[in-house]
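Asks:
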Amino acid sequence: MELLSHNMMTCMSFFSFLFCVQNVNQKHTAAALSPSRQSELYIHEEEVLRKLLVASTRCVRPFRQRREKKMAKIKARDLRGKKKEELLKQLDDLKNELSQLRVAKVTGGAASKLSKIRVVRKSIARVLTVINQTQKENLRKFYKGKKYKPLDLRPKKTRALRRRLNKHEEGLRTKKQQRKELLYSIRKFAVKA
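Counting with mature numbering (1 follows the signal peptide of the UniProt record, and there is no 0), you get residues -26 to -1, 1 to 167 for the letters of the sequence shown.
#1: Starting from residue 169, follow the alpha helix (DSSP H) in both directions and report where the run begins and ends.
#2: I need the DSSP call for Y158, collapsed to helix, strand or coil.
#3: Measuring CA to CA, which of A134, L125, T108 and T132 is closest to A50?
#4: What are the start and end residues of each continuous alpha helix (DSSP H) run of 4 or more residues lying completely inside the segment 120 to 166, in chain order?
#5: Are the segment 62 to 82 and the segment 95 to 106 in contact at 8 Å, needing three or more beta carbon pairs?
#6: Please classify K110: does DSSP put it in a helix, a strand, or coil?
#7: Assign K118 to one of two classes, buried (16 or more other C-beta atoms within 10 Å of its C-beta) or exposed (fewer than that).
#8: Are I48 and L68 touching if we call contact CB-CB under 9 Å?
#9: Can the beta-carbon of G83 be found less than 9 Å from the beta-carbon of L72?
#10: Would you kindly work out how many angstroms separate the C-alpha atoms of Q152 and G55, rounded to a whole number?
#11: Considering only C-alpha positions, which residue in the set V165, K150 and N140 is nearest to Y158?
Below is the structure:
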């Protein structure tokens, strides 16, 4: 609506300008100007018209950009509350839309469609991210407190740390070692003054 009203205003100003130019032309021709002076006037008119057209396109361009930026963008926070079936349906719709946009790109579609490809791709990525995150979160809840867990749910750390003994295993002693520690415990010595 804003763009339309702006265009209408530009057109109105343009036509009013043309009307003024015609009036000036008629006055000058009535005054019977020399041919060189008339050509100068026409050149001047053309320059003014060109400047006016450039100014009008400059004014219109930011509105177009603003309009294109307002494209429906999917946000992850809106997706989190939805069920998996809904998310999968939305994913299919987005993939179909992307395939249509790619066809339009090959067949020479509008610039607005080409710019929409990126938005749709990012939307697909967001939907997939939310699906995977919720799936992993549910698996973590399911395996919480169980003895064995899937490898991707275990802490990664480093290879050496994963192979290290845990605290309980480090504290274990053999019978022989226990006896040895009992018989040959650490002696405490004190110097008598």
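The beta-carbon is built from N, C-alpha and C at its ideal position, and this holds for glycine as well. None of these values were measured; they are calculated from a predicted model.
Replies: For this structure:
#1: Residue 169 falls outside the range modelled here, since the chain spans only -26 to 167, and no answer is possible.
#2: Within the sequence shown, numbered from 1, the residue matching residue 158 stands at position 184. Coil at Y158, not helix or strand.
#3: On the sequence shown, position 76 is the one that residue 50 refers to. Taking only the C-alpha atoms, the option nearest A50 is T108.
#4: Entirely contained in the segment 120 to 166, the alpha helix (DSSP H) runs reaching 4 residues are, in chain order, 133 to 137, 141 to 145 and 149 to 157.
#5: The segment 62 to 82, when compared against the segment 95 to 106, does touch it at the 8 Å Cβ threshold.
#6: As a first step, residue 110 is located in the sequence shown; it is residue number 136 there, counting from the start. Reduced to three states, the DSSP call for K110 is helix.
#7: Taking the first residue of the sequence shown as 1, we reach residue 118 at position 144. With fewer than 16 other Cβ atoms inside 10 Å of its own Cβ, K118 counts as exposed.
#8: Mapped onto the sequence shown, residue 48 falls at position 74. Mapped onto the sequence shown, residue 68 falls at position 94. Taking the C-beta atoms as reference points, L68 is found nearer than 9 Å to I48.
#9: Counting from 1 along the sequence shown, the entry for residue 83 is found at position 109. Counting from 1 along the sequence shown, the entry for residue 72 is found at position 98. Against a cut-off of 9 Å, the Cβ pair of L72 and G83 comes out as no contact.
#10: On the sequence shown, residue 152 is found 178 positions in, with the first residue counted as 1. On the sequence shown, residue 55 is found 81 positions in, with the first residue counted as 1. Rounded to whole angstroms, Q152 to G55 spans 58 Å at the Cα level.
#11: Locating residue 158 in the sequence shown gives position 184, counting from the first residue. Distance check between Y158 and each of V165, K150 and N140 places K150 closest, using alpha-carbon atoms only.
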